[in-house]
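Protein chains in written order, with this note's numbering: chain A, 1 to 144; chain B, 1001 to 1144.
Glycine included, each C-beta is placed from N, C-alpha and C at the ideal position.
Inspection log for the structure reproduced underneath, given as structure tokens.
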DNA sequence: CATCAATAGCAATTGAGTTGCGATAACCAC
DNA sequence: GTGGTTATCGCAACTCAATTGCTATTGATG
């Protein structure tokens, strides 16, 4: 494990009042390396086999999401995905995501707007705080 | 039950090769009356108590969704919702939906477009077939 | 009205998510 | 370093919607 990243992660945990445990550091490292939203399953598969408990990993990820270190999202397939908030700062703090229903590829989207093709958006959305989830079939899967 | 609707639903079932059973007719009627996406739970609560089996209702709704009579969607809270495709024809065959995380209100949206606020959408989305899900807090809940 | 396949009812299973609790290990003070 | 406090972990159990297998029932057709 790279020393620089290691101590950066430790600092981040500490600043949120969380202990720097092996599980948390390892999970954060996987999320940092893959640099895309990952399911708990995917995080676990990036960790040494048989060492960590899935339920503990679940709690670790949920806790980190609550504290704001991670962002937790459901992209439409009923599985939580987590991404490092810090690593995504370059895009936007609350960017949307795309999930391809076919190949499962996940992609962070640049800031987008919702525009009514005809007329205006309904009143419930005027001044509402919106989160967008985009799914479907990516260009590659459509072409194939 | 209104006779006109009753026979219209029967016809719709028959044209999809499905038998007009009490469960299906009752479920479709509830969906027709409420005219908004409903969870299985909500459909069940619109039916006489203790008469129908939840698992059978689940199968009926899933089947109807497969045949194209209903549209099945996950609005972000990990619960399937169903809406009558026919009843929504006036909007658009594949309109998006909004779910308020606070009050749970569901609203069908008019046709919308996704526009990048800066630059263009990523390549995976160029020519992709997109489904949108919009959630967050509706204007009312934001104001409250 | 008899027949046969489609459908309903019931019970059991899945799978991600979630929680309770005793054992363990991080962190802080000394 | 050592020791004590308390956050975390590991394990097992539980939730809840979703899903499926199997048998009894019922709608549709001749």
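*Alpha carbon to alpha carbon, how far is residue 1141 of chain B from residue 125 of chain A? Give it in angstroms, no decimals.*
Walking along the first chain from the start, residue 125 of chain A turns up at place 125. Walking along the second chain from the start, residue 1141 of chain B turns up at place 141. So the two alpha carbons sit approximately 11 Å from each other.
*Following the continuous beta strand (DSSP E) through residue 1078 of chain B, name the residue where it begins and the one where it ends.*
In the second chain, the residue the question calls residue 1078 of chain B occupies position 78. Here residue 1078 of chain B belongs to no beta strand (DSSP E), and DSSP marks it neither H nor E.
*Hey, which unbroken runs of the alpha helix (DSSP H) at 4 residues or more fall wholly within the region 14-82 of chain A?*
22-34, 40-45, 54-67
*Listed from N- to C-terminal order along the chain, which residues in the region 79-90 of chain A have their beta-carbon within a distance smaller than 8 Å of any beta-carbon of chain B?*
So nothing in the stretch comes that close.
*asked:* Please report whether the beta-carbon of residue 1112 of chain B lies at a distance below 8 Å from any beta-carbon of chain A.
replied: Here the question's residue 1112 of chain B lines up with position 112 in the second chain. Judged by the 8 Å Cβ criterion, residue 1112 of chain B is in contact with chain A.
_Between the region 49-64 of chain A and the region 20-27 of chain A, can you find at least three pairs of beta-carbon atoms closer than 8 Å?_
Short answer: they touch.
*asked:* Out of A/117, A/112, A/116, which one is the CA nearest neighbour of residue 1116 of chain B?
replied: For the purposes of this step, residue 1116 of chain B is taken as residue 116 along the second chain, with counting starting at 1. When only C-alpha atoms are compared, the closest one is A/112.
*Since residue 83 of chain A and residue 39 of chain A are thought to touch, with beta carbons under 8 Å apart, how far apart are those beta carbons, to the nearest angstrom?*
As a working note, residue 83 of chain A is residue 83 in the first chain. As a working note, residue 39 of chain A is residue 39 in the first chain. Going by Cβ atoms, the distance from residue 83 of chain A to residue 39 of chain A rounds to 11 Å, so no, they are not a contact pair.
*Below 8 Å between beta carbons: does that hold for residue 1060 of chain B and residue 1087 of chain B?*
The sequence position of residue 1060 of chain B within the second chain is 60, counting from 1. The sequence position of residue 1087 of chain B within the second chain is 87, counting from 1. Not in contact: residue 1060 of chain B and residue 1087 of chain B (Cβ atoms no closer than 8 Å).
*asked:* According to DSSP, is residue 1116 of chain B part of a helix, a strand, or is it coil?
replied: In the second chain, counting from the first residue as 1, residue 1116 of chain B sits at position 116. If DSSP states are grouped into helix, strand and coil, residue 1116 of chain B belongs with the strands.
*Please list the partners that residue 1137 of chain B has in chain A, where partner means a Cβ-to-Cβ separation under 7 Å.*
Here residue 1137 of chain B refers to the residue found at position 137 when the second chain is read from its first residue. Under the 7 Å cutoff, chain A gives 128, 129.
*Determine the contact status of residue 1107 of chain B and residue 122 of chain A, defining contact as a CB-CB distance below 8 Å.*
Start at 1 with the first residue of the second chain, and residue 1107 of chain B comes out as number 107. Start at 1 with the first residue of the first chain, and residue 122 of chain A comes out as number 122. Contact: yes.
_Within 10 Å of its beta-carbon, does residue 1076 of chain B have 16 or more other beta-carbons around it, so buried, or fewer, so exposed?_
Taking the second chain and counting its residues from 1, the one referred to as residue 1076 of chain B is at position 76. With 16 or more Cβ atoms within 10 Å of its Cβ, residue 1076 of chain B is classed as buried.
*Under a CB-based cut-off of 8 Å, is residue 17 of chain A close to chain B?*
Your numbering for residue 17 of chain A matches position 17 in the first chain. Cβ-Cβ to chain B under 8 Å: no for residue 17 of chain A.
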